[in-house]
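Report on one structure; see the data block that follows.
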Amino acid sequence: DSGVTQTPKHLITATGQRVTLRCSPRSGDLSVYWYQQSLDQGLQFLIQYYNGEERAKGNILERFSAQQFPDLHSELNLSSLELGDSALYFCASSAPGVAGANVLTFGAGSRLTVL
Amino acid sequence: GQNIDQPTEMTATEGAIVQINCTYQTSGFNGLFWYQQHAGEAPTFLSYNVLDGLEEKGRFSSFLSRSKGYSYLLLKELQMKDSASYLCAVRDRDTDKLIFGTGTRLQVFP
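Top to bottom, those sequences are chains A and B.
Take any residue in the first sequence, note its place counting from 1, add 35, and you have its number in the working numbering.
Take any residue in the second sequence, note its place counting from 1, add 557, and you have its number in the working numbering.
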């Protein structure tokens, strides 16, 4: 157990629908990152939050949105789902202002299947 | 922006040594990471380099040359459980986000 909790583990839905993926970071970590990994693809950075504020944005579609709440958990909202959105969605967290490695710790992921 | 290249696939024999290379181009470098990822599972941290040279950690070592934009991960005494994807990632200097390469899928044969 990495300490980063993601729910749900699996989700099957239809095109056009909307889903919400949830992430609780490790205790003490203020930064949360969302990544998308399609079949046989690399990890694509979507968005980063630090202590409730958006800090960096990657290739996140306009149909996707995210936020980090005061208790530091984060949610990734995916709407108007398309077949191509089927992927593993990973959340990662890291500690604030740590010198050195500041390693990202990943959750187990949420596997989204859009039919 | 960042660009990271690593071979798509490699094979090796149990007990052997394998070197996985990674080249990168980045506008703001603040460290290079290697992660291991078994199929369908979360990536797990292997190593970190921010200065030039070799970092050794058990059977795994990682090397960095910042002037060449080059790193490698060296795996010794390969075991079957080392069959996995190995992801090279560069940390952005301003935000700490990690940008990953597409990963190298390593298959270890008996």
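For each residue, glycine too, the CB sits at the ideal point set by N, CA and C.
Distance between Pro60/A and Gly38/A (C-alpha atoms, nearest Å): Along the first sequence, read from residue 1 onward, the residue named residue 38/A stands at position 3. Along the first sequence, read from residue 1 onward, the residue named residue 60/A stands at position 25. Spanning the two alpha carbons is a distance of roughly 7 Å.
Supposed close pair Gln559/B, Gly626/B - CB separation, criterion 8 Å: The residue given as residue 559/B occupies position 2 in the second sequence. The residue given as residue 626/B occupies position 69 in the second sequence. Under the criterion of beta carbons closer than 8 Å, Gln559/B and Gly626/B do not qualify as touching, at roughly 10 Å.
Contact under 8 Å by Cβ, Asp540/B with Gly585/B: In the structure displayed, chain B extends from 558 to 667; residue 540/B sits before or after that span and is not available.
Beta carbon proximity, Gly615/B to chain A, threshold 8 Å: Mapped onto the second sequence, residue 615/B falls at position 58. Not closer than 8 Å to any Cβ of chain A, the Cβ of Gly615/B fails to qualify, so no.
Backbone secondary structure at Asp36/A - three-state DSSP: For the purposes of this step, residue 36/A is taken as residue 1 along the first sequence, with counting starting at 1. Assignment of Asp36/A by DSSP, reduced to helix, strand and coil, places it in the coil class.
Contacts that Lys654/B makes with chain A (C-beta to C-beta distance below 7 Å): Within the second sequence, numbered from 1, the residue matching residue 654/B stands at position 97. Under the 7 Å cutoff, chain A gives Tyr68, Phe80, Gln83, Ala91.
Test: Ser129/A CB closer than 8 Å to a CB of chain B: Sequence index remark: in the first sequence, residue 129/A carries index 94 (1-based). Interface residue, yes.
Residue burial classification, Ala49/A (beta-carbon count within 10 angstroms, cutoff 16): Against the first sequence, residue 49/A aligns to sequence position 14. By the neighbour-count rule (16 or more Cβ atoms within 10 Å), Ala49/A is not buried but exposed.
Residue-level contact to chain A via CB, Tyr605/B, 8 Å cutoff: The residue you call residue 605/B lines up with position 48 of the second sequence. With its beta carbon less than 8 Å from one in chain A, Tyr605/B belongs to the interface.
Closest Cα partner of Ser726/B within the set Ala596/B, Glu598/B, Lys638/B, Gly588/B: Residue numbering for chain B in the displayed model covers 558 to 667; residue 726/B lies beyond these limits and cannot be assessed.
Test item: CB-CB of Glu632/B and Arg616/B under 8 Å: Taking the first residue of the second sequence as 1, we reach residue 632/B at position 75. Taking the first residue of the second sequence as 1, we reach residue 616/B at position 59. Note that residue 632/B corresponds to Leu in the displayed sequence, not to Glu. Their beta carbons are under 8 Å apart, which means Leu632/B touches Arg616/B by this criterion.
Pairwise C-alpha distance: Leu118/A and Pro667/B: Position 110 of the second sequence holds residue 667/B. Position 83 of the first sequence holds residue 118/A. Cα to Cα, Pro667/B sits roughly 39 Å from Leu118/A.
Any chain A beta carbon closer than 8 Å to Gly658/B: Here the question's residue 658/B lines up with position 101 in the second sequence. Yes, its Cβ sits closer than 8 Å to a Cβ of chain A.
Length of the line joining the Cα atoms of Gly658/B and Cys645/B: Numbered from 1 along the second sequence, position 101 holds the residue referred to as residue 658/B. Numbered from 1 along the second sequence, position 88 holds the residue referred to as residue 645/B. Taking the straight line joining both Cα atoms gives about 5 Å.
9 Å Cβ cut-off: residues of chain B touching Asn101/A: Taking the first sequence and counting its residues from 1, the one referred to as residue 101/A is at position 66. The residue you asked about is not Asn; residue 101/A is Ala in the sequence shown. Those do not exist, as Ala101/A stays about 14 Å from chain B at its closest Cβ, beyond 9 Å.
DSSP three-state assignment for Gly572/B, whether helix, strand or coil: One-based indexing of the second sequence puts residue 572/B at position 15. Residue state, collapsed to three classes: coil.
Within-8 Å CB hit, Asn137/A to chain B: The sequence position of residue 137/A within the first sequence is 102, counting from 1. Closer than 8 Å to some Cβ of chain B, the Cβ of Asn137/A qualifies, so yes.
For Asp649/B, the three-state DSSP class (helix, strand or coil): Here the question's residue 649/B lines up with position 92 in the second sequence. In the structure shown, Asp649/B sits in a strand (DSSP, three-state: E or B).
Interface partners of Gln76/A on chain B, CB under 8 Å: On the first sequence, residue 76/A is found 41 positions in, with the first residue counted as 1. Near Gln76/A (Cβ distances below 8 Å), the residues of chain B are Thr659.
CB-CB length for Tyr70/A against Gln79/A, believed under 8 Å: As a first step, residue 70/A must be located in the first sequence, where it is residue number 35. As a first step, residue 79/A must be located in the first sequence, where it is residue number 44. Indeed, because the Cβ distance is near 6 Å, the residues count as touching under 8 Å.
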